[in-house]
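Chains A and B, in that order, give the protein sequences.
If you're matching positions, the first sequence starts at 814 in the numbering used here and goes up one per residue.
If you're matching positions, the second sequence starts at 24 in the numbering used here and goes up one per residue.
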Amino acid sequence: QKEVEQNSGPLSVPEGAIASLNCTYSDRGSQSFFWYRQYSGKSPELIMFIYSNGDKEDGRFTAQLNKASQYVSLLIRDSQPSDSATYLCAVYNFNKFYFGSGTKLNVKP
Amino acid sequence: GAVVSQHPSWVICKSGTSVKIECRSLDFQATTMFWYRQFPKQSLMLMATSNEGSKATYEQGVEKDKFLINHASLTLSTLTVTSAHPEDSSFYICSARDTFLLAGFSYEQYFGPGTRLTVT
């Protein structure tokens, strides 16, 4: 069983819509969770991290964490074509970061 | 913000030769750096954890004699791909872990821009 699982997509949304990206993890003791955005041919860039149950908002981005369900999500409001990228979910455990396979998001103008 | 550089950004080498990739934390000290490899359309695969002043910890399936890691200072880690073969062609990304704890128990990592290795 993979540590972190994501739907590979692609997820297509129209410009201005809300994009919802999901991630599940296997280790119930995991404490911190990260969302990264990766453009093709580039290295990942951090969008936000979350460690408490509930929602955390930063601009157009909202991360949601449900530890009981071992589920993390990222909502992108007012999606823009420039948001088109692969979104990686990562979990920090035992001094290492475990990455999901990423979800490719396409925002159509 | 924290900046991590990698050099070179891309390299082409012939099969059988060795290639060294440098990873530097420019404005902070990193006792721990990570080396990842990413094949096209796949996620990041952790190769090894590099700790300053000690031997690197390799992930299962990664040949430590082929991928030599040296973390000689708090700002520099190097990955040497020895006797490179075409199947080693990949995007190699390093990251440096901040020494400050997030919320008291977690760390943030800062990624370098990556090195694209092509072995012919």
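For glycine and all other residues, C-beta sits at the position ideal for the given N, C-alpha and C.
Since we're looking at a predicted model, the values are computed, not measured.
- Contacting residues, own chain, Cβ-Cβ under 6 Å from Ile863 (chain A) (five flanking each side not counted): Taken in chain order, the residues that qualify are Phe846, Lys869, Ala876, Leu878.
- Query: How would you call Leu901 (chain A), buried or exposed, if buried means at least 16 neighbouring beta carbons within 10 angstroms?
  - Reply: Buried is the call here.
- Task: Could you spell out where the beta strand (DSSP E) holding His108 (chain B) opens and where it closes?
- Result: Premise fails: His108 (chain B) is in no beta strand (DSSP E) and is neither H nor E.
- Check the Cβ-Cβ distances between Ile116 (chain B) and every residue of chain A, and say whether any is below 9 Å. Between Ile116 (chain B) and chain A, the shortest Cβ-Cβ separation is below 9 Å.
- Proximity of Lys43 (chain B) and Thr143 (chain B) at Cβ, strictly below 9 Å: Cβ distance not < 9 Å, so Lys43 (chain B) and Thr143 (chain B) don't count as in contact.
- Task: Could you tell me if Asp891 (chain A) is buried or exposed, where buried requires 16 or more neighbouring beta carbons within 10 angstroms of its beta carbon?
- Result: So Asp891 (chain A) counts as exposed.
- Task: Could you please give the first and the last residue of the uninterrupted beta strand (DSSP E) stretch that includes Leu859 (chain A)?
- Result: Taken as a continuous stretch (DSSP letters only), the beta strand (DSSP E) holding Leu859 (chain A) covers 858–863.
- Message: Taking the beta strand (DSSP E) that Asn908 (chain A) belongs to, which residues open and close that run?
- Response: Where Asn908 (chain A) is concerned, there is no enclosing beta strand (DSSP E), given that its DSSP letter is neither H nor E.
- If contact means a Cβ-Cβ distance below 9 Å, which residues of the region 904–919 of chain A contact chain B? Hits within the stretch, in order: Tyr905, Asn908, Lys909, Phe910, Tyr911, Phe912, Gly913, Ser914, Gly915, Lys917.
- Quick one: using the 10 Å Cβ neighbour count with 16 as the cut-off for buried, is Asp88 (chain B) buried or exposed? Its Cβ having fewer than 16 others within 10 Å, Asp88 (chain B) is exposed.
- Query: chain B partners of Ser856 (chain A), CB-CB under 7 Å?
  - Reply: In chain order: Ile116, Phe134, Gly135, Pro136, Gly137.
- Could you tell me if Leu65 (chain B) is buried or exposed, where buried requires 16 or more neighbouring beta carbons within 10 angstroms of its beta carbon? It is worth fixing the name first, because residue 65 (chain B) is Gln in this sequence and not Leu. Around the beta carbon of Gln65 (chain B), a 10 Å sphere encloses fewer than 16 other beta carbons of the protein chains shown; the residue is thus reported as exposed.
- So is Phe847 (chain A) in contact with chain B if we call contact Cβ pairs under 9 Å? So, interface residue.
- In this structure, what does DSSP give as the bridge partners for Lys917 (chain A)? In the DSSP output, where bridge partners are listed per residue, Lys917 (chain A) has A:Thr899.
- Message: DSSP has Lys869 (chain A) in a bridge; who is on the other side?
- Response: DSSP lists A:Ala876 as partners of Lys869 (chain A).
- Query: Any heavy atom of the ligand ZN within a distance shorter than 8 Å of the CB on Ser833 (chain A)?
  - Reply: Among the components of this structure there are no ligands whatsoever, and the ligand ZN is therefore not found.
- Ala881 (chain A) to Gly867 (chain A), Cα distance in whole Å? The alpha-carbon atoms of Ala881 (chain A) and Gly867 (chain A) are separated by roughly 11 Å.
- If you count every other CB in all the chains shown that lies within 10 Å of the CB of Asp871 (chain A), and 16 or more means buried, which is it? Exposed, since its Cβ has fewer than 16 Cβ neighbours within 10 Å.
- Quick one: measure Cβ to Cβ for Tyr838 (chain A) and Glu816 (chain A), integer angstroms, because I've assumed they're closer than 8 Å. Between Glu816 (chain A) and Tyr838 (chain A) the Cβ distance is about 6 Å, and since that is below 8 Å, they are a contact.
- Query: By a C-beta neighbour count over all protein chains shown, 10 Å radius and 16 as the cutoff for buried, is Ile889 (chain A) buried or exposed?
  - Reply: A buried status is given to Ile889 (chain A), since no fewer than 16 other beta-carbon atoms sit within 10 Å of its beta-carbon.
- Sorted by chain position, which residues of the same chain lie with C-beta nearer than 7 Å to Ser113 (chain B)'s C-beta, five sequence neighbours on each side aside? Correct list, in chain order: Arg60, Gln61, Phe62, Leu140.
- Query: Where does the unbroken beta strand (DSSP E) through Val142 (chain B) begin, and where does it stop?
  - Reply: Note, Val142 (chain B): beta strand (DSSP E), 138–142.
- Query: Got a sec? Which residues, its chain only, sit under 7 Å from Glu926 (chain A) by beta carbon, not counting five neighbours each side?
  - Reply: Within the shown structure, residues of chain A are numbered from 814 to 922, placing residue 926 (chain A) beyond reach of any answer.
- Would Thr105 (chain B) count as contacting chain A if we go by Cβ distances under 9 Å? No, because no Cβ of chain A sits closer than 9 Å to the Cβ of Thr105 (chain B).
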